[in-house]
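Novice: This structure is in structure tokens; I'll ask about it shortly.
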Amino acid sequence: MKHALVALAAAIGAVGVLPVVHATDNYAFYSANNVVGLSLGSQHQNYSEFINGATADGNYGDVKPSYRLYATTQRDWRNISDLYFAVSASYASGSTTYDGALVNLITGAQTPVTQRTPTRLFDWNIRGGKAFTLNEDETVQLIPYLDYAQHHWDRLDGGGEGDYSEYYKHSVISAGVIGQYAVTDVLVLSAEAQLGYLYNASVHAPALEGLIDLGNGEYINGTNGPIILGNHDTVMLSLGVDYALTYNFHVTADYRWQRYGYGMGVNNDFSEPKSTSIMQRVEVGIALTF
3 MKHALVALAA AIGAVGVLPV VHATDNYAFY SANNVVGLSL GSQHQNYSEF
53 INGATADGNY GDVKPSYRLY ATTQRDWRNI SDLYFAVSAS YASGSTTYDG
103 ALVNLITGAQ TPVTQRTPTR LFDWNIRGGK AFTLNEDETV QLIPYLDYAQ
153 HHWDRLDGGG EGDYSEYYKH SVISAGVIGQ YAVTDVLVLS AEAQLGYLYN
203 ASVHAPALEG LIDLGNGEYI NGTNGPIILG NHDTVMLSLG VDYALTYNFH
253 VTADYRWQRY GYGMGVNNDF SEPKSTSIMQ RVEVGIALTF
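This is the structure in structure tokens:
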């Protein structure tokens, strides 16, 4: 997290010093896309693990509050017009409902469990692209871009005997496009679609590492470090509204839907099944034009 925040601060500083040669002639796009912003909202998580095609366990519910700090810029640089860069970091902390089972490592018997469990989510991303106007009066533009992101999910134990917390993380490289429509000089609507490739995924489960005492005088080998998870595709869609109360002060609202998954991972005698996550984020915020 420390490295991501340092990168975010550096990127915010960098976008502020890019020279403006021309940029878009549309006042609304320039005002909406050269900002530093802060949003507050909620993230809804729906995570499911599958064994032999059937749902084995999962987590679902709203993780709130959720905070997001971001910066974007659309400016000309040298002879290249309307370059677009953005960076953001978000953090959410709350609880979700765990619906699954505890497995007896000796007998294999499963005891159903449904309980509230603490959850933490941390994401950051950086992207770059170029804007292209689609009509003569420059009220519509498309911004194709490339994006790199990291996601961290702390699936914490809800209490009881032992600590079965799990710590997931992965990286995503993706390509997407943002469509923007300037309804007026102060109102900009946005829609976004993104396809990505999830890789470098793993889950760290401290309770399963090293020798595990079965409680009957026997021990088994646990995992040797994190379990490496399989790669997967990702899909993300979003909608946004930006309204400028003044040239420098904006209010915003955004909705984002994302689907991703993990392939099965194996470490010694333990395996992590395939899984799918549906994440939804709703937020409102403020932004300052620079």
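Using the numbering used here, the letters of the sequence shown correspond one by one to residues 3 to 292. All C-beta atoms, glycine included, are put in the ideal place defined by N, C-alpha and C.
Does Ala16 come out as helix, strand or coil in the three-state DSSP assignment?
Specialist: As a first step, residue 16 is located in the sequence shown; it is residue number 14 there, counting from the start. With a pLDDT of only 47 at Ala16, under 50, the local geometry of the prediction cannot be trusted, and the value read off the model is given with reservation. Reduced to three states, the DSSP call for Ala16 is helix.
Novice: Taking 8 Å as the threshold (C-beta atoms), are Asn28 and Ala184 in contact?
Specialist: Mapped onto the sequence shown, residue 184 falls at position 182. Mapped onto the sequence shown, residue 28 falls at position 26. Taking 8 Å as the Cβ cut-off, Ala184 and Asn28 qualify as a contacting pair.
Novice: Apart from the five residues on each side of it in sequence, which residues of its chain come closer than 7 Å, Cβ to Cβ, to Asn202?
Specialist: Here residue 202 corresponds to residue number 200 of the sequence shown, with the count starting at 1. Cβ neighbours of Asn202 beyond the five flanking positions: His172, Ser173.
Novice: Nearest by alpha-carbon distance to Gly232: which of Asn223, Ile82, Ser277 is it?
Specialist: The residue labelled residue 232 in the question sits at position 230 within the sequence shown. That would be Ser277, whose Cα lies nearest to the Cα of Gly232.
Novice: Determine the burial state of Pro228: buried for a count of at least 16 other Cβ atoms within 10 Å of its Cβ, exposed for fewer.
Specialist: Position 226 of the sequence shown holds residue 228. Per the 10 Å Cβ criterion, buried.
Novice: Figure out for me which residue from Ser44, Asn35, Glu285 has the closest Cα to the Cα of Ala133.
Specialist: Taking the sequence shown and counting its residues from 1, the one referred to as residue 133 is at position 131. Cα-wise, what sits closest to Ala133 is Asn35.
Novice: By alpha-carbon positions, which one of Thr119, Thr74, Pro114, Gln152 ends up nearest to Trp126?
Specialist: Numbered from 1 along the sequence shown, position 124 holds the residue referred to as residue 126. The shortest C-alpha separation from Trp126 is found at Gln152.
Novice: Please specify which runs of the beta strand (DSSP E), each continuous and at least 3 residues long, are wholly inside the region 29-111, giving them in chain order.
Specialist: Runs found: 37-53, 56-79, 82-105.
Novice: Could you tell me whether the region 273-288 touches the region 249-256, where touching means 3 or more Cβ pairs closer than 8 Å?
Specialist: Enough Cβ pairs lie closer than 8 Å, so yes.
Novice: In three-state DSSP terms, what is Pro228?
Specialist: Along the sequence shown, read from residue 1 onward, the residue named residue 228 stands at position 226. Here Pro228 sits in coil by DSSP.
Novice: Could you give the DSSP three-state label for Leu210: helix, strand or coil?
Specialist: Within the sequence shown, the letter at position 208 stands for residue 210. In the structure shown, Leu210 sits in a helix (DSSP, three-state: H, G or I).
Novice: Val285 lies in the beta strand (DSSP E); which residues open and close that run?
Specialist: Here residue 285 is taken as the residue at index 283 of the sequence shown, counted from 1. First, the residue type needs correcting, since residue 285 is Glu and not Val in the sequence shown. First-last of the beta strand (DSSP E) with Glu285: 276-291.
Novice: Three-state secondary structure (DSSP) at Glu168?
Specialist: Residue 168 sits at position 166 when you count from the first residue of the sequence shown. If DSSP states are grouped into helix, strand and coil, Glu168 belongs with the strands.
Novice: In angstroms with no decimal places, state the Cα-to-Cα distance between Leu247 and Phe292.
Specialist: Locating residue 247 in the sequence shown gives position 245, counting from the first residue. Locating residue 292 in the sequence shown gives position 290, counting from the first residue. Going by the C-alpha atoms only, they are around 15 Å apart.
Novice: For Leu189 and Tyr245, I'd like the C-alpha separation in whole angstroms.
Specialist: Position 187 of the sequence shown, counted from the start, is the residue given in the question as residue 189. Position 243 of the sequence shown, counted from the start, is the residue given in the question as residue 245. Rounded to whole angstroms, Leu189 to Tyr245 spans 5 Å at the Cα level.
Novice: Between the beta-carbon of Gly265 and the beta-carbon of Ser273, is there less than 8 Å?
Specialist: Sequence index remark: in the sequence shown, residue 265 carries index 263 (1-based). Sequence index remark: in the sequence shown, residue 273 carries index 271 (1-based). No, Cβ-Cβ distance for Gly265 and Ser273 is not below 8 Å.
Novice: Identify, in the order they occur along the chain, each residue of the same chain with its Cβ nearer than 7 Å to the Cβ of Asp2, setting aside the five sequence neighbours on each side.
Specialist: The requested residue 2 does not occur in the structure, where the chain is confined to residues 3 to 292.
Novice: Who are the near neighbours of Tyr72 in its chain, counting only those whose CB is closer than 6 Å to its CB and skipping five residues on each side?
Specialist: Locating residue 72 in the sequence shown gives position 70, counting from the first residue. So the list reads Gly39, Ser90, once near-sequence residues are dropped.
Novice: Which residues does DSSP list as the beta-bridge partners of Leu191?
Specialist: In the sequence shown, residue 191 corresponds to position 189, counting from 1. In DSSP, Leu191 forms a bridge with Tyr183, Val243.
Novice: Tell me the DSSP bridge mates of Leu123?
Specialist: Indexing the sequence shown from 1 puts residue 123 at position 121. DSSP output for Leu123 lists Ala94, Trp155 as bridge partner(s).
Novice: I need the boundaries of the beta strand (DSSP E) containing Thr254, first residue and last residue.
Specialist: Indexing the sequence shown from 1 puts residue 254 at position 252. Run containing Thr254: 251-264, per the beta strand (DSSP E) assignment.
Novice: Taking 8 Å as the threshold (C-beta atoms), are Ala177 and Leu148 in contact?
Specialist: Here residue 148 refers to the residue found at position 146 of the sequence shown. Here residue 177 refers to the residue found at position 175 of the sequence shown. Yes, these two residues count as a Cβ contact at 8 Å.
Novice: Are the region 107-119 and the region 79-86 touching by the rule of at least three beta carbon pairs closer than 8 Å?
Specialist: Short answer: they don't touch.
Novice: How far does the beta strand (DSSP E) with Gly267 in it extend, from its first residue to its last?
Specialist: Taking the first residue of the sequence shown as position 1, residue 267 is located at position 265. 267-269 is the extent of the beta strand (DSSP E) around Gly267.
Novice: For Ala30, I'd like the list of residues in its chain whose CB is within less than 6 Å of its CB, leaving aside the five on either flank, ordered along the chain.
Specialist: Residue numbering aside, residue 30 sits at position 28 when the sequence shown is read from its first letter. Excluding positions up to five away in sequence, the list reads Ala184, Asp187, Val190.
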